[in-house]
Amino acid sequence: MAINSVRSDALEPTARELAGASLREKATRLLPVYGLPLLMLALILLFSILLPDTFPTMLNLRSIIADKAIIALLSLAAMIPMVSGKIDLTVGYGIVLWHILAISLQVNYGVSWPVAVLVVIALSAFVGLLNGLLVEVARIDSFIATLGTGTVLYALALWHTGGEQVVGVLPRGFLALNATRIAHLPITGFYVLGLAFLLWFILEHLPIGRYLYAIGANPKSAALNGIPVQRYTIGAFVASGLLTGVAGVLLASKLRIGQASVGLEYLLPALVGAFLGSTTIKPGRVNVWGTIVGVAILAIGIAGIQQFGGSFWVEPMFNGVTLLIAIGIAGYAQRRRGAAKLRPKSAQS
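The opening residue of the sequence shown carries number 2 in the numbering used here; numbering runs sequentially from there.
This is how it looks when you write it as structure tokens:
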């Protein structure tokens with residue numbers, strides 16, 4: 002399953018294009034770029050008006066950040082291989098094993114929490130390396146390869162726990178990884194923000210980012226231009242695996258128990274956030290801030306609906322519908338790009 006990652010100017014109007022355009026034309030060109038951020042602001046305003054006592058509160062903000070920070074981390078993890086035109090499903094399966102292992106190493110084997118964290122992150126990066134090798138060396142489709150790897154990780158989690166919870170007394174330092182607050186907000190939100198800035202800088206301002214986007218747009222052309230496609234694609238999977246391990250550690254610190262029934266529910270919203278990220282800010286191209294906006298829309302929409310008394314099935318329904326919409330918008334963006342590329346040729350003929 003290939004995720005087409007296109008050039009940064011796929012649907013983004015340039016200043017020259019907007020200079021002579023009418024107000025309506027400007028709105029039409031800018032709507033695909035800023036439509037989702039505007040929708041996010043509209044949702045905040047709507048729920049704040051309809052739920053003035055519960056929605057526009059610090060308590061609700063803290064709850065949203067605490068609840069969705071791990072999904073945001075997984076969305077950013079899934080986004081990295083998408084930049085290179087691949088998909089990584091182990092972000093949803095891996096977090097099951099990694100959060101269990103982060104706890105069991107301390108509770109069952111007496112490993113200190115810093116060492117346990119390093120072991121989990123190292124193992125998750127190794128799984129990312131394995132995924133990269135399966136995709137680039139064994140030439141297995143990324144969807145199939147990561148689905149297989151993820152299923153094995155989930156099976157290992159079931160085997161390791163025997164279907165039971167992993168419970169024990171955890172060190173205060175380990176719990177502080179998630180429980181600490183800065184300016185009355187959960188520290189996990191600052192993790193997400195710091196990671197987003199780092200990934201944005203790498204992808205937008207360093208050669209490695211340009212190489213990954215070039216690979217996602219056309220791997221054959223990238224190779225002909227001297228870009229080591231295999232190396233960078235494998236590196237993208239390693240980075241994705243590493244971030245999944247970090248998310249697993251934070252989930253363990255948050256839940257304080259390990260169980261194989263927790264984690265898979267993060268897969269769909271993580272992918273939804275990453276797909277939505279390709280439809281805004283830089284439409285037609287997977288990007289960091291679009292991914293953050295996508296996760297924020299999920300978080301705000303679900304929080305508002307639940308405060309209206311929505312049932313337990315509201316969240317998976319919202320995630321599923323939003324994913325379909327995101328894929329539809331992404332497909333439309335690709336068709337727009339294809340039409341834009343054909344127009345100059347038609348004009349010449």
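C-beta: ideal position from N, C-alpha, C; glycine also. In this text, all values refer to a predicted model and were calculated from it rather than measured experimentally.
{"Item": "Spatial distance of A261 from T162 (CA atoms)", "Value": "7 Å"}
{"Item": "Distance CB(K87)-CB(S143) smaller than 7 Å", "Value": "yes"}
{"Item": "Same chain, Cβ closer than 8 Å to S9, five either side skipped, listed in chain order", "Value": "Because S9 sits at a pLDDT of 38, beneath the cut-off of 50, its placement in the model cannot be relied upon, and the following sentence gives the value as read from the coordinates. The answer, listed in chain order, is Y214, K283 and R286."}
{"Item": "DSSP three-state assignment for L186, whether helix, strand or coil", "Value": "strand"}
{"Item": "Pick from L194, G302, H206 and L324 that is closest to L74, judged by C-alpha positions", "Value": "L194"}
{"Item": "Endpoints, alpha helix (DSSP H) assigned at E137", "Value": "W114 to E137"}
{"Item": "Those runs of the alpha helix (DSSP H) which lie wholly inside the segment 257–282 and span at least 4 residues", "Value": "268–278"}
{"Item": "Cβ-Cβ separation, I298 to L40 (assumed contact under 8 Å), whole Å", "Value": "6 Å"}
{"Item": "Opening and closing residue of the alpha helix (DSSP H) in which F409 lies", "Value": "Given that the chain is displayed from residue 2 to residue 350, the structure contains no residue 409 and the question cannot be resolved."}
{"Item": "N-terminal and C-terminal residue of the alpha helix (DSSP H) that T150 is part of", "Value": "S143 to T162"}
{"Item": "For W290, the first and last residue of its enclosing alpha helix (DSSP H)", "Value": "V289 to Q308"}
{"Item": "Classification of A184 by the beta-carbon crowding that lies within 10 angstroms, buried from 16 upward", "Value": "exposed"}
{"Item": "Residue ranges of each beta strand (DSSP E) within the segment 217–252, 3 or longer", "Value": "none"}
{"Item": "Cβ distance (whole Å) where F238 is taken to contact V136 below 8 Å", "Value": "7 Å"}
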